[in-house]
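Asker: Using this note's numbering, the first residue of the sequence shown is number 10, and each one after it goes up by one.
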Amino acid sequence: MPSSERTALITGAAMGIGYAVARRFLAAGYSVAMFDIDNSALARSCEELAPLGSVLPLHGDVAREADAQGAVERTLAWRGRLDVLVNNAGIDLYGIAPEFSLSDWERQIGVNLTGAFLLSKHAIPALRATRGAIVNISSIHALVSYPGCAAYDAAKAGLLALTRALAVDHGPEGIRVNAICPGWVDTPMTRKWLDATDPATLAQVERQHPLGRIGRPEDIAEAVYFLASEEASFITGAFLVVDGGLTAAGK
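1. Note the first and the last residue of the continuous beta strand (DSSP E) segment covering A185.
2. What would DSSP say about A241, mapped onto helix, strand or coil?
3. Report the rounded CA-to-CA distance for S40 versus A106, giving the unit in angstroms.
4. Just the Cα atoms here: how many angstroms apart are G38 and R15?
5. Do you know how far the Cα of R137 is from the Cα of H131?
6. Once DSSP output is grouped into helix, strand and coil, what is the label at I46?
7. For the stretch 217-235 against the stretch 192-201, do three or more pairs of beta-carbon atoms, one drawn from each stretch, fall closer than 8 Å, so that the two count as touching?
8. Could you give the residue range of the beta strand (DSSP E) that holds H68?
9. Per DSSP, what kind of secondary structure is I146 in: helix, strand or coil?
10. When burial is assigned at 16 or more other CB atoms within 10 Å of the CB, is A151 buried or exposed?
11. Please confirm if the stretch 119-128 is in contact with the stretch 70-78, defined as three or more CB-CB distances below 8 Å between the two stretches.
12. What three-state label does DSSP hand T139 in the structure shown?
13. Given I85, which residues of its chain have a CB within under 8 Å of its CB, disregarding the five upstream and five downstream residues?
14. Give the straight-line distance between the Cα atoms of A98 and N48, rounded to the nearest whole angstrom.
15. Which residues does DSSP list as the beta-bridge partners of T16?
16. What are the partner residues of G224, as DSSP defines its beta bridges?
17. Of all the options R33, K260, G167 and T245, which has the alpha carbon lying nearest to the alpha carbon of V144?
18. Alpha carbon to alpha carbon, what distance is there between A209 and Y234?
19. Please state if the CB of G141 and the CB of V93 are separated by a distance shorter than 8 Å.
20. Among R83, I149 and P197, which one has its Cα closest to the Cα of L255?
21. Between which two residues does the beta strand (DSSP E) harbouring V250 extend?
22. Which value, in whole angstroms, describes the spacing of the CA atoms of F44 and A22?
23. In whole angstroms, what separates the C-alpha of A166 from that of S63?
Written out as structure tokens, the structure is:
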């Protein structure tokens, strides 16, 4: 089937990696439903991307089941089919366990892990019909840990376990489920941290990468598109590390 007849639903699509993923699928001819909690950023992003193809703004919170279900239902009402779900929405809340509130823990797990479960739960019936694909955006934090990241690391590691479980459960139905583990990527979330530190920090971080730079959102978008494509038709239950060699170098 030509890409022009296919539809993708992308969460956390208003900026950063999600925005780049939306752009990549639009460039391939997909119709793209863009789901985000930041309504003003979502409106701006949809306006920017509209010249590239058909976009549908979906405002809501991935951690609320009614919003997740509604996003899938509105996408189906819009285009009548769903071929790809990209669970990208995420937040970063930091702190060591004794100082981390239960509400922050629940919010971190809710957005970064439960949200992917809820979107997948409601999207899978539609993906059965198209023999579609799910791509989850995890993190190298699922594989290695850094100080103050207990909740973030737990959520991202849980996302890999969810990826494997969904792949096993729904592979017989023709649905493939994979994950990307990005490292440092130049996004608003990363810039929030880098801009609050010494200007030399970015150069230091870049030197830790064998490739000599941090990632671009487009680097992740290309990996997502590959895993969703026919070229990856025999890949499921896998995770792809896209980090410029950072974890290979033991950093």
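Just so you know, even glycine gets a beta-carbon here, dropped at the ideal spot from N, CA and C.
Answerer: With the given structure in hand:
1. By 1-based counting over the sequence shown, the position of residue 185 is 176. Note that residue 185 is Arg in the sequence shown here, rather than Ala. Taken as a continuous stretch (DSSP letters only), the beta strand (DSSP E) holding R185 covers R185 to P191.
2. Looking up residue 241 in the sequence shown gives position 232. The answer is helix: DSSP assigns A241 an H, G or I state.
3. Taking the sequence shown and counting its residues from 1, one reaches residue 40 at position 31. Taking the sequence shown and counting its residues from 1, one reaches residue 106 at position 97. S40 and A106: Cα-Cα distance of roughly 42 Å.
4. Start at 1 with the first residue of the sequence shown, and residue 38 comes out as number 29. Start at 1 with the first residue of the sequence shown, and residue 15 comes out as number 6. The alpha-carbon atoms of G38 and R15 are separated by roughly 8 Å.
5. As a working mapping, residue 131 is identified with position 122 in the sequence shown. As a working mapping, residue 137 is identified with position 128 in the sequence shown. In a straight line, the C-alpha of H131 is about 11 Å away from that of R137.
6. Here residue 46 refers to the residue found at position 37 when the sequence shown is read from its first residue. In the three-state reduction of the DSSP assignment, I46 falls in the coil class.
7. They touch, by the three-pair rule.
8. Working through the sequence shown from its first residue, we reach residue 68 at position 59. H68 -> beta strand (DSSP E) spans V64 to H68.
9. The count along the sequence shown starts at 1 and reaches residue 146 at position 137. I146 falls in the strand class under three-state DSSP.
10. Along the sequence shown, one-based indexing puts residue 151 at 142. A residue is called buried when at least 16 other Cβ atoms come within 10 angstroms of its Cβ; A151 meets this threshold and is buried.
11. Using a C-beta cut-off of 8 Å, the stretch 119-128 makes contact with the stretch 70-78, since at least three inter-stretch Cβ pairs fall below that distance.
12. Here residue 139 is taken as the residue at index 130 of the sequence shown, counted from 1. Residue state, collapsed to three classes: helix.
13. Residue numbering aside, residue 85 sits at position 76 when the sequence shown is read from its first letter. Residue identity differs from the one stated: residue 85 is Leu in this sequence, not Ile. Sequence-distant Cβ neighbours of L85 in its own chain, meaning closer than 8 Å and more than five residues away, are L91 and A135.
14. As a position in the sequence shown, residue 98 is number 89, starting the count at 1. As a position in the sequence shown, residue 48 is number 39, starting the count at 1. Computed Cα separation, rounded: 14 Å.
15. What you label residue 16 is simply residue 7 of the sequence shown in a count that begins at 1. Beta-bridge analysis with DSSP links T16 to S40.
16. To locate residue 224, count along the sequence shown from 1; it is residue 215. Checking the DSSP bridge columns, you'll see G224 partnered with V194.
17. The sequence position of residue 144 within the sequence shown is 135, counting from 1. Among R33, K260, G167 and T245, the Cα nearest to that of V144 is on T245.
18. The sequence position of residue 234 within the sequence shown is 225, counting from 1. The sequence position of residue 209 within the sequence shown is 200, counting from 1. Taking the straight line from one Cα to the other gives about 33 Å.
19. Walking along the sequence shown from the start, residue 93 turns up at place 84. Walking along the sequence shown from the start, residue 141 turns up at place 132. Going by C-beta atoms, V93 is nearer than 8 Å to G141.
20. In the sequence shown, the residue the question calls residue 255 occupies position 246. For the residues R83, I149 and P197, the minimum Cα distance to L255 belongs to I149.
21. Counting from one through the sequence shown, the residue named residue 250 turns up at place 241. That run of the beta strand (DSSP E) goes F248 to V251.
22. Residue 44 sits at position 35 when you count from the first residue of the sequence shown. Residue 22 sits at position 13 when you count from the first residue of the sequence shown. Per the coordinates, the alpha-carbon of F44 lies some 6 Å from the alpha-carbon of A22.
23. Taking the first residue of the sequence shown as position 1, residue 166 is located at position 157. Taking the first residue of the sequence shown as position 1, residue 63 is located at position 54. Going by the C-alpha atoms only, they are around 34 Å apart.
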